[in-house]
Amino acid sequence: MRVLVVGSGGREHALTKKILESPEVSEVFVAPGNGGTREIAHNVDIAAADCSRLVRFAKRNRVGLTVVGPEVPLVLGIGGYFDYRSQKMFGPGPGAAMLEGSKNYAKTIMKRYGIPTGESSLFAEYHHAIDFLKKMPPPYVVKVDGLAGGKGVVVTSDLKEAEAAVRRGFSKSEYINPHDLVLIEECLEGWELSMLAFSDGRNILPLVPAQDYKRLDTEKNSPNTGGMGSYSPVPKVTPELYEEIIESILKPTITAMAKEGMTYKGIIYAGLMITEDGPKVIEFNCRFGDPETQAIIPRLESDIMEPMLAVVEGDLSGVKLKWKPEVCASVVIASGGYPGTDHYPELEIQGIDDASRIEGVTIYHAGTTIKDGEFHIAGGRVLNVSALGKDFGEARERAYEAVSKIKFPDMCYRTDIALTGI
Ligand SMILES: Nc1ncnc2c1ncn2[C@@H]1O[C@H](COP(=O)(O)OP(=O)(O)O)[C@@H](O)[C@H]1O
Ligand SMILES: [Mg+2]
C-alpha cells in the first residue's frame with residue numbers, strides 16, 4: 277500500500293519512519309516533508325494546508341491511506357475532501373476536528389456530558405470580557421477560540437497582560453478564528469500530562485502517557501514554545517490515574533461526540549491538568565502531539581498501520597498494542613533566536629550521522645532541508661534526539677551524548693529533559 281503523510285515536523289518524520297516498517301506499506305509520500313523524510317520517503321511539494329491539492333495527489337497516485345499530522349488541515353476540513361469509500365484518510369472529519377478547532381465547542385461538549393474541566397466564560401464582546409477580568413481575582417487564563425499555532429493562550433497574574441490578550445483575541449486577522457470569541461477560564465493548579473488514544477468512533481485504544489516541556493528553558497518566565505522535549509512513560513501516572521483518565525475523560529468524550537453526530541475517528545489527545553480533585557481537561561487536540569509522538573513511537577513495538585487502518589474501517593476492538601519495556605527521552609534542538617523570530621539562517625548541521633549511531637538513539641528531523649547533499653537548518657525547531665534506555669538515567673545519557681555530537685552555530689536545547697522521570 278502507498279501512504280501519504282501530511283506535514284513537515286518531527287512528528288511526521290517519526291510517523292513516516294514507523295509506517296515504513298510495516299509489511300503492508302510499499303512506499304510513503306510526505307507533503308511537504310523535511311530533510312529527514314526526504315532521505316527515507318518521497319517528499320511532495322504541496323503545503324500541509326492545501327487540502328484540495330493533497331486529495332488530488334492521493335487520488336492520482338493511488339494512495340491507500342493518507343495520514344494527516346498537523347491540526348490545520350484537519351480543522352480546515354480536509355476530511356470532507358476525501359471520499360471515504362474510495363480514499364482513506366486517518367484523522368477526524370471536519371465536525372469532529374472542531375474539538376481542537378474551537379475551544380468553546382470543546383468546553384460545550386465537556387459541560388454537556390459532565391467531562392471534568394475547569395470553569396470558563398465565553399465572550400463575544402471586548403468590553404464584557406474586560407469588565408469580567410477586572411472583577412475577578414488573578415491568575416487570569418485568556419484563550420482565543422480558534423487555532424492560534426500555540427499563541428492563543430495567556431496565563432498571567434498581571435491584569436494589563438490579560439487585557440492585552442483579550443484585545444489581541446478580538447483583532448480578527450491574527451488567528452484562524454472562525455467565531456471571534458474569547459474564553460476566560462478558571463486557572464487550574466497541578467501538573468500537566470498528555471494522554472493520547474486511537475478512536476474508531478466507538479472504541480478507544482490508549483497510547484502510553486507522555487509529558488512535554490513547553491518553555492524554552494528552566495527559568496520561570498521563559499517563553500512558551502511548540503515544545504522543547506518530551507518523555508514517556510510518566511512515572512507519576514499510577515495505574516489508578518491511568519484508568520480514571522480513560523474512564524472519566526477519553527471514553528465519555530468519544531461517546532459524547534458520537535451522540536452529537538460527530539463520530540470521532542483518529543487520534544484524540546487530551547491535554548490534562550492533574551489537580552487535587554483529579555484529572556481535568558485543559559484542551560483536546562485532534563491529532564498526534566509534537567513532540568510527544570517522538571517519545572511515544574520509539575517505544576511502540578507493534579505495526580502502527582494496524583490500528584490506523586482499523587480506525588478508518590471503524591473497528592478497533594480486535595487491536596492490541598505492544599510496547600517495548602524501555603523508556604524514551606526526546607530532546608529538541610532549536611535554532612538560535614527560537615521562538616522569537618520566523619527567520620533562521622540556512623546553516624549547515626554537522627554530526628547527525630555520528631549522533632544516530634549511538635545505541636538506542638533515533639534522530640527525527642523537524643526544520644531541516646538538504647542542500648548540496650548536506651543537512652541545513654530550515655526552521656525554529658531543527659531536530660528531535662530520541663533515545664530509548666532501560667531507565668531515564670540511561671535514556672538521558674544516550675540522548676545528551678547524541679546531542680553533543682550535533683553542531684551548528686547558536687543551537688539551543690534544554691538540559692533537563694526527562695530529569696523528573698528519574
Ligand atoms: N485553565 C488553565 N489553567 C492553568 N493553565 C492553563 C489553563 N489553560 C491553559 N493553561 C496553560 O496554557 C498552556 C496552553 O493552553 P492550551 O489550552 O493547551 O492551548 P494551546 O495548546 O492551544 O496553545 C497549557 O499547556 C497550560 O500550561
Ligand atoms: Mg496545548
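Letter by letter, the sequence shown follows residues 277 to 698 in this note's numbering. We treat Cβ as the ideally placed atom computed from N, Cα and C, and that holds for glycine.
- In this structure the stretch 634-647 touches the stretch 303-313; the number of beta carbon pairs closer than 8 Å is three or more.
- Residues lining ligand 2 by the Cβ criterion, that is a Cβ closer than 7 Å to any of its heavy atoms, are Gly547, Ile558, Glu559 and Asn561 in chain order.
- Membership of Val458 in the beta strand (DSSP E) is indicated by the continuous run Val458 to Glu461.
- Note that the stretch 474-491 touches the stretch 533-545; at least 3 beta-carbon pairs, one per stretch, sit closer than 8 Å.
- In the three-state reduction of the DSSP assignment, Pro567 falls in the coil class.
- Note that the stretch 625-644 touches the stretch 289-302; at least 3 beta-carbon pairs, one per stretch, sit closer than 8 Å.
- Membership of His404 in the alpha helix (DSSP H) is indicated by the continuous run Tyr402 to Lys411.
- About 5 Å separates the Cβ atoms of Arg672 and Ala694, confirming a contact at the 8 Å cut-off.
- The residue among Val301, Gly285 and Met365 with its C-alpha nearest the C-alpha of Leu330 is Met365.
- Out of Phe651, Gly669 and Tyr676, the CA that lies nearest to the CA of Val607 is found in Tyr676.
- In this structure, Pro685 and Leu623 form a Cβ contact; the two beta carbons are roughly 6 Å apart against a cut-off of 8 Å.
- Going by C-alpha positions, Val301 is about 7 Å away from Ile295.
- Not one heavy atom of ligand 1 is found less than 6 Å from the C-beta of Leu472.
- Around the beta carbon of Lys666, a 10 Å sphere encloses fewer than 16 other beta carbons of the protein chains shown; the residue is thus reported as exposed.
- In the displayed model, Asn497 falls within coil according to three-state DSSP, outside both helix and strand.
- According to DSSP, Ser508 shares a beta bridge with Cys604.
- Only residues of its own chain outside the window of five on either side were considered, and among them Gly502 have a CB closer than 6 Å to the CB of Gly426, listed in chain order.
- In the structure shown, Cys327 adopts helical secondary structure according to DSSP, grouped into three states.
- Setting aside the 5 residues that flank it on each side, Glu303 is surrounded in the same chain by Arg278, Val279, Ala317 and His318, each with a C-beta closer than 8 Å to its C-beta; the list follows chain order.
- Close CB contacts of Leu352 within its chain, under the 7 Å cut and outside five residues either way in sequence, are with Ala325 and Cys327 (chain order).
- For Met549, the enclosing beta strand (DSSP E) begins and ends at Lys541 to Thr551.
- Apart from the 5 residues on each side of it in sequence, Ile634 sits with its Cβ closer than 6 Å to the Cβ of Arg674, Glu677 and Ala678 in its chain, given in chain order.
- With a minimum length of 3 residues, the unbroken runs of beta strand (DSSP E) contained wholly in the stretch 598-672 fall at 603-610, 637-641, 644-647, 650-653 and 657-665.
- Taking each of Gly590, Thr384, Asn380 and Glu582 in turn and checking the Cα distance to Lys598, the smallest one comes out for Glu582.
- By the neighbour-count definition (other C-beta atoms within 10 Å, threshold 16), Asn561 is a buried residue.
- In this structure, Gly356 sits away from Pro368, with a CB-CB distance that is not shorter than 7 Å.
- Taking a 10 Å sphere around the C-beta of Arg575, we find 16 or more other C-beta atoms and assign the residue as buried.
- Annotation for Val429 indicates a beta carbon within 6 Å of some heavy atom of ligand 1.
- Residues of the same chain with a CB within less than 7 Å of the CB of Glu559, apart from the 5 flanking positions on each side, are Lys379, Ala382 and Gly547 in chain order.
- Taking all protein chains shown into account, Thr529 has 16 or more neighbouring C-beta atoms within 10 Å of its C-beta and is therefore buried.
- Under the Cβ criterion (8 Å, minimum of three pairs), the stretch 511-527 counts as touching the stretch 467-478.
- A straight-line Cα-Cα distance of about 39 Å links Ala440 and Ile625.
- For the alpha helix (DSSP H) assignment, the uninterrupted runs of no fewer than 4 residues enclosed by the stretch 422-448 are, from N- to C-terminal side, 435-445.
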